[in-house]
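Participant: Protein sequence lines correspond, in order, to chains A and B. When you line the first sequence up against this note's numbering, it's residues 232 to 529, in that order. When you line the second sequence up against this note's numbering, it's residues 232 to 529, in that order. Note that beta-carbon positions come from the ideal geometry of N, C-alpha and C, so glycine has one too. Let me begin by handing over the structure; questions about it come next.
Protein chains: 2
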Amino acid sequence: MKHLQDFAYIEAVMRAGSIRKAADDMNITASALNRRIQRFEDEFGSEIFERLPRGVRLNPAGELLVQHFRVQVSDLRRVQSQVADLSGIRRGHVSVACSQALIPYFMPEQIARYRESHPGVTFSVSVRDREAAERDLSTFRSDIALVFEPVLLVDFEVQMSVPQTIHVLMREGHPLAEQPVLRLRDCLDHPHVVPSRQYGVRHLLDAAAARGSRAIAPVVEADSFDFMRHYVLHENAIAFQIPIGLRVWPGSGMVVRPLSGRDVPPGNLLLGQMRGRTLPVASARFAQSLGLALEALT
Amino acid sequence: MKHLQDFAYIEAVMRAGSIRKAADDMNITASALNRRIQRFEDEFGSEIFERLPRGVRLNPAGELLVQHFRVQVSDLRRVQSQVADLSGIRRGHVSVACSQALIPYFMPEQIARYRESHPGVTFSVSVRDREAAERDLSTFRSDIALVFEPVLLVDFEVQMSVPQTIHVLMREGHPLAEQPVLRLRDCLDHPHVVPSRQYGVRHLLDAAAARGSRAIAPVVEADSFDFMRHYVLHENAIAFQIPIGLRVWPGSGMVVRPLSGRDVPPGNLLLGQMRGRTLPVASARFAQSLGLALEALT
DNA sequence: GGCCGGTGGTGCGTTTTTTGCACCGCTTTT
DNA sequence: AAAAGCGGTGCAAAAAACGCACCACCGGCC
């Protein structure tokens, strides 16, 4: 879209922190980029960047402007999507930011199912921790977020909430596998693997351990649930995860048991978008379809 | 603003109904304009005009696009206004659509008072009947509307409502001037001058007359309240108007009496903006100031 | 202190884009 | 049948954007 080129350049300069670096990124001369920005500032009626000895940085006016442009770009995409919708061919693009737990099973299934009936719709999926997911929404980098226990910033508008009890994951034959429901204190007596601090599962575990005057003493701390799933097969340790990211079948060598709700309250898997934003048709429909699928889980 | 030039051309074509006429209006060649539009449609991904034998017309996609652009332009103005605001100099432009009754006294006073404390803010005032005022809001031609008894379309967001009893205006010495409050049936027995049908005052009078099984039989019907005010000085007739547009002083030769609320319920003078829109700083502040002034009226 | 690398800004010739003109094919109006 | 509109197109001219070389400036470093 030609008339938003200036914004692309402004955003590049903002990211690079200097006109020359941005010019390099955008395959253009620094002089040309410099003049574009000067011309824009002139037309806009105010400087957008403050000139520092080592480069440039957005000033408050620039911050306002960039936010305006982001809204504008997202709104234009929505219009294009609506137009494609009324011309009969369901096209569009949906960008989803989601927690790791949804990567192996839930999201692939949902996207594949949606694309079956709407082959023209394309997707981009970003794995994000709960904080980054919300930031992606408010910078319009993602349309939809599906996050476990988000920090719940003001910009996050919840569309659906599904409780998820934390489960314990272990190798077959592990002593804890004999009980149907596990207590946290028993778990902490065994070697355990936990996710790093930015994740909701860890957050809940930390809080619960503190309440029980116990400390989490992980043998391994990781930021990949995929890693943790595989790790318990090698060392006889336990891992923690929410059930939506788990499929255990006979012969897989793994066992899953829920943690008692008395120790660790269930966390919430939240489906949401940016507050007040009107989503493109495709994104709105997909979000709706996600909502139905989540409802069926409970 | 350079990057919205395409929109200016598209809007011109929309208004003119043909590319050649629009090109003439915009002081450009038809071929250049034609190519601009073709290029835009190409980038946008869909045609936005349907080509007719006698010109072009927006198709549904174009309607969506134009609406998007209008929001965008208004939003950009808001950003510019915010920027001017944070740079210390209170500048900006406020556009108001209002009913005729506010033209002689209320609006001039309010605008002058506001400009006393904010000399950098400029104004445009449009006299609009109630339907046109609301249309102006939804096409972003006006920021604020102050209308008597609007039709209340969905886009109109009411910020303040002030009841206004319809008053009867007559020459000194008119027989009706002896009563402090007038009944509608008595008024209709005398020669009367009424506003034309698009106005709120007429609307209320028509409804009330129908309820009383009486018919309005005006000797003159006019669309200018200024005209009607002056007319009663020449013929011994009565006119109807709301008090906010009236100032009667001893020696002016005019008398004003309220209509009984039993016959004609008071109408409402509504202050409003487009639903969901974030106004520029200057407009928002002026609307607030208008609200206070209206509140003081009651 | 002086040099060096990096920054934003500018004058000027060159390249790319946009425009204007003349014209085409078409439909409706006269 | 002619005339008057209309949108669309090829081509040369005009305008805008660009790239290059260069300037002034600042901060760190020898």
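(1) Taking 8 Å as the cut-off, does the stretch 299-316 of chain B touch the stretch 337-350 of chain B (at least 3 CB pairs, one atom from each stretch)?
(2) Measure the beta-carbon distance from SER491(B) to ARG414(B) and round it to whole angstroms, keeping in mind my assumption that it falls under 8 Å.
(3) Would you mind giving the Cβ-Cβ distance between ASP360(B) and TYR462(B), rounded to the nearest angstrom? I have them listed as a contact below 8 Å.
(4) Counting only beta-carbon separations shorter than 8 Å, does ARG269(A) have a partner in chain B?
(5) State yes or no: is the beta carbon of HIS299(A) nearer than 8 Å to at least one beta carbon in chain B?
(6) Under 7 Å between beta-carbons, which chain B residues line up against GLU274(A)? List them in chain order, please.
(7) Based on the DSSP secondary-structure assignment, which residues constitute the bridge partners of ARG282(B)?
(8) Pull up the distance between the alpha-carbon of SER318(A) and that of GLU340(A), whole angstroms please.
(9) Along the chain, where does the alpha helix (DSSP H) that runs through SER467(B) open and close?
(10) If you reduce the DSSP assignment to three classes, tell me which class LEU490(B) lands in.
(11) Assign GLU452(A) to one of three DSSP states: helix, strand, or coil.
(12) In chain order, what residues of the same chain have a beta carbon less than 8 Å from the beta carbon of GLY522(A), not counting five sequence neighbours either side?
(13) Is DSSP giving ILE447(A) helix, strand or coil here?
(14) Hey, out of ASP306(B), GLY443(B), ASP420(B) and LEU464(B), whose CA is closest to PRO449(B)'s CA?
(15) Answer yes or no: do ARG322(A) and ALA315(A) have a C-beta to C-beta separation smaller than 8 Å?
(16) Tell me where the beta strand (DSSP E) around GLU388(B) begins and ends.
(17) Between the beta-carbon of PRO335(B) and the beta-carbon of GLY476(B), is there less than 8 Å?
(18) Alpha helix (DSSP H) containing ARG442(B): first to last residue?
(19) Would you mind sorting PRO394(A) into buried or exposed? The rule is 16 or more other CB atoms within 10 Å of its CB.
(20) Along chain A, in chain order, which residues have C-beta atoms closer than 8 Å to that of GLN311(B)?
(21) Residues of the stretch 377-389 of chain B with a CB closer than 9 Å to any CB of chain A: list them in chain order, please.
(22) May I have a chain-ordered list of the beta strand (DSSP E) segments no shorter than 3 residues that lie completely inside the stretch 276-358 of chain A?
(23) Note the first and the last residue of the continuous beta strand (DSSP E) segment covering LEU399(A).
(24) According to the Cβ coordinates, are SER330(B) and LEU377(B) closer than 8 Å?
(25) So, is the C-beta of GLN303(B) closer than 8 Å to a C-beta in chain A?
(26) Are the Cβ atoms of LEU400(B) and ILE469(B) separated by less than 8 Å?
(27) Given 8 Å as the limit, is there contact between the stretch 233-248 of chain B and the stretch 232-239 of chain A, that is, 3 or more CB pairs closer than that?
(28) With DSSP run on the structure shown, which of helix, strand or coil describes GLN410(B)?
(29) ALA453(A) and PRO411(A) - do their beta-carbons sit closer together than 8 Å?
(30) Under the three-state reduction of DSSP, which class applies to MET459(A): helix, strand or coil?
(31) With C-beta atoms as the reference, is ALA247(B) less than 8 Å away from ASP256(B)?
(32) Taking CB distances under 8 Å as the criterion, tell me whether PRO291(B) reaches chain A.
(33) Nearest chain B C-beta to ASP374(A) closer than 8 Å, yes or no?
(34) Are the beta-carbon atoms of VAL287(A) and VAL325(A) separated by less than 8 Å?
(35) Quick one: what's ALA376(B) bridged to in DSSP?
(36) In whole angstroms, what separates the C-alpha of LEU374(B) from that of VAL327(B)?
Facilitator: If we stick to the structure as given:
(1) The stretch 337-350 of chain B vs the stretch 299-316 of chain B: no contact.
(2) Approximately 5 Å separates the beta-carbon atoms of SER491(B) and ARG414(B); this is inside 8 Å, confirming the contact.
(3) Here ASP360(B) is actually not in contact with TYR462(B); their C-beta atoms are around 20 Å apart, not less than 8 Å.
(4) Note that residue 269(A) is Gln in the sequence shown, not Arg. The beta-carbon of GLN269(A) is placed no less than 8 Å from the nearest beta-carbon of chain B.
(5) Chain B contact via Cβ: present.
(6) MET232 and LYS233, listed in chain order.
(7) For ARG282(B), the pairing in a beta bridge is given by DSSP as VAL287(B).
(8) Between SER318(A) and GLU340(A), the C-alpha separation is close to 28 Å.
(9) Strictly speaking, residue 467(B) in this sequence is Asn, with Ser absent from that position. Note, ASN467(B): premise wrong, no alpha helix (DSSP H); not H, not E.
(10) Looking at LEU490(B) - three-state DSSP - the assignment turns out to be strand.
(11) In the structure shown, GLU452(A) adopts extended strand secondary structure according to DSSP, grouped into three states.
(12) Contacts found: GLN390, MET391 and LEU502.
(13) DSSP places ILE447(A) outside both helix and strand once states are collapsed to three, so it counts as coil.
(14) The candidate whose alpha carbon is nearest that of PRO449(B) is ASP420(B).
(15) Yes; because the gap between Cβ atoms is below 8 Å, this pair is in contact.
(16) The continuous beta strand (DSSP E) containing GLU388(B) extends over residues 387-395.
(17) In this structure, GLY476(B) lies closer than 8 Å to PRO335(B) by Cβ.
(18) 431-442 is the extent of the alpha helix (DSSP H) around ARG442(B).
(19) Label assigned to PRO394(A): exposed.
(20) Residues of chain A passing the Cβ test: PHE275, GLY276 and SER277.
(21) Considering only beta carbons, no part of the stretch 377-389 of chain B lies closer than 9 Å to chain A.
(22) Correct list: 280-283, 286-289, 323-329 and 352-358.
(23) Position check: residue 399(A) holds Val in this sequence, whereas Leu was assumed. 398-402 is the span of the beta strand (DSSP E), which, as asked, contains VAL399(A).
(24) Between SER330(B) and LEU377(B), the C-beta gap is smaller than 8 Å, which places the two residues in contact.
(25) Answer yes: the Cβ-Cβ gap between GLN303(B) and chain A drops below 8 Å somewhere.
(26) Inclusion of LEU400(B) and ILE469(B) in the CB contact set at 8 Å is warranted, their separation being smaller than that value.
(27) The stretch 233-248 of chain B vs the stretch 232-239 of chain A: in contact.
(28) Collapsing the DSSP output to three states places GLN410(B) in coil.
(29) Against a cut-off of 8 Å, the Cβ pair of ALA453(A) and PRO411(A) comes out as no contact.
(30) MET459(A): helix per DSSP, three-state reduction.
(31) Going by C-beta atoms, ALA247(B) is nearer than 8 Å to ASP256(B).
(32) At least one CB of chain A lies nearer than 8 Å to the CB of PRO291(B).
(33) It does not; no Cβ of chain B falls within 8 Å.
(34) Pairing VAL287(A) with VAL325(A) gives a Cβ-Cβ distance that is not under 8 Å.
(35) In DSSP, ALA376(B) forms a bridge with ALA328(B) and GLY503(B).
(36) The sequence shown places Asp at residue 374(B), rather than the Leu named in the question. Using only the alpha carbons, I get a separation of about 6 Å.
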